[in-house]
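Each number in our numbering comes from the position in the sequence shown (counting from 1) with 7 added on. Think of the CB as a built atom: it goes at the ideal place given N, C-alpha and C, for glycine as much as any other residue. Okay, structure first, notes after.
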Amino acid sequence: MKNSLLLSLALMTAMPVAAAKLSMPSDAPKSYESECASCHMAYQPGLLGQKNWLNIMADLGKHFGSDASLDDKTQSEISKWLIKNASSDRKYSAVAPENRITKSAWFIKEHAEVKAEVWTRPSVKSSANCTACHTDAATGNFSERKIRIPVK
Ligand code: HEC
Ligand code: HEC
Numbered sequence: 008m009k010n011s012l013l014l015s016l017a018l019m020t021a022m023p024v025a026a027a028k029l030s031m032p033s034d035a036p037k038s039y040e041s042e043c044a045s046c047h048m049a050y051q052p053g054l055l056g057q058k059n060w061l062n063i064m065a066d067l068g069k070h071f072g073s074d075a076s077l078d079d080k081t082q083s084e085i086s087k088w089l090i091k092n093a094s095s096d097r098k099y100s101a102v103a104p105e106n107r108i109t110k111s112a113w114f115i116k117e118h119a120e121v122k123a124e125v126w127t128r129p130s131v132k133s134s135a136n137c138t139a140c141h142t143d144a145a146t147g148n149f150s151e152r153k154i155r156i157p158v159k
């Protein structure tokens, strides 16, 4: 009895730590929401490492086929904040091809069960569209309980 209580307490305190890594840091500048969440969701800095964020912020004029350029002040504010909050976890900070979260080794592995056809469904369109399946993606909760795969 006593041991199982201790165990469940240990689990309760361990779980939020794992989830917190992908949550949005509370010090996000307003510009991040206004400038980086108009075409897609505001990706949490913990989804990539420093190198990938640096690359992205250095080339906003040619941003995945879009022009996402910013004035110098905003560019610098967002860059500093992304670098500070980039992942240092070995899993999420490994350099991802094309600076894409969706091309990272962890992403491919975690999504191995998703069939190719699912990614092209009209309400999904792109694997970068996290919120199509992760109903709580904006808060950084990617847990299985919060996944709803759209049927079309
Ligand atoms: C004008 C629209 C637009 C703005 C503004 C914009 N993006 Fe993007 N972003 C895109 C498009 C389009 C893609 C590619 C999406 C796809 O492949 O489905 C993309 C992809 C990304 C990806 C890679 C997603 C993946 O495939 O893993 C990251 C990271 C990203 N953007 C970060 C940012 C940041 C940081 C900002 C703000 C400085 C920003 N974006 C502003 C249009 C935009
Ligand atoms: C087509 C639906 C779909 C899209 C779009 C999608 N995911 Fe997922 N995601 C899943 C499924 C299904 C799993 C596997 C759940 C499992 O087996 O536990 C998963 C797993 C994950 C996990 C691991 C969760 C855990 O608890 O282990 C993370 C993190 C994650 N996704 C992040 C993302 C991010 C970030 C994006 C956008 C860049 C994204 N996903 C886009 C369906 C999707």
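Residue i versus the options, residue with shortest Cα-Cα distance
i: lysine 91; options: Lys159, Gly147, Pro36 and Lys153; result: Pro36
i: serine 30; options: Ser38, Leu55 and Glu42; result: Leu55
i: arginine 152; options: Asp143, Ile85 and Ser100; result: Asp143
i: threonine 81; options: Glu117, Lys58 and Glu40; result: Glu40
i: valine 102; options: Ile154, Gln57, Ser38 and Asn136; result: Gln57
i: aspartate 96; options: Trp113, Ser83 and Ser130; result: Trp113
i: valine 131; options: Ile154, Thr146 and Glu117; result: Ile154
i: isoleucine 108; options: Ala123, Tyr50, Cys46 and Ser38; result: Tyr50
Boundaries of the alpha helix (DSSP H) in which residue i is found, first to last residue
i: arginine 97; result: 97–100
i: alanine 139; result: Alanine 139 -> no alpha helix (DSSP H), and no H or E assigned at all.
i: lysine 80; result: 79–92
i: valine 121; result: No alpha helix (DSSP H) holds valine 121; DSSP gives it neither H nor E.
i: glutamine 57; result: 57–65
i: lysine 110; result: Note, lysine 110: premise wrong, no alpha helix (DSSP H); not H, not E.
i: cysteine 43; result: 37–43
One or two residues paired with residue i in a DSSP bridge
i: isoleucine 154; result: His141
i: serine 73; result: His70
Whether residue i touches residue j by CB criterion (7 Å)
i: lysine 110; j: proline 104; result: yes
i: methionine 48; j: threonine 138; result: yes
i: asparagine 106; j: asparagine 148; result: no
i: proline 32; j: leucine 89; result: no
i: cysteine 140; j: isoleucine 115; result: no
i: lysine 159; j: arginine 128; result: yes
i: leucine 160; j: glutamate 42; result: With the chain running from 8 to 159 in the structure shown, residue 160 is simply not present.
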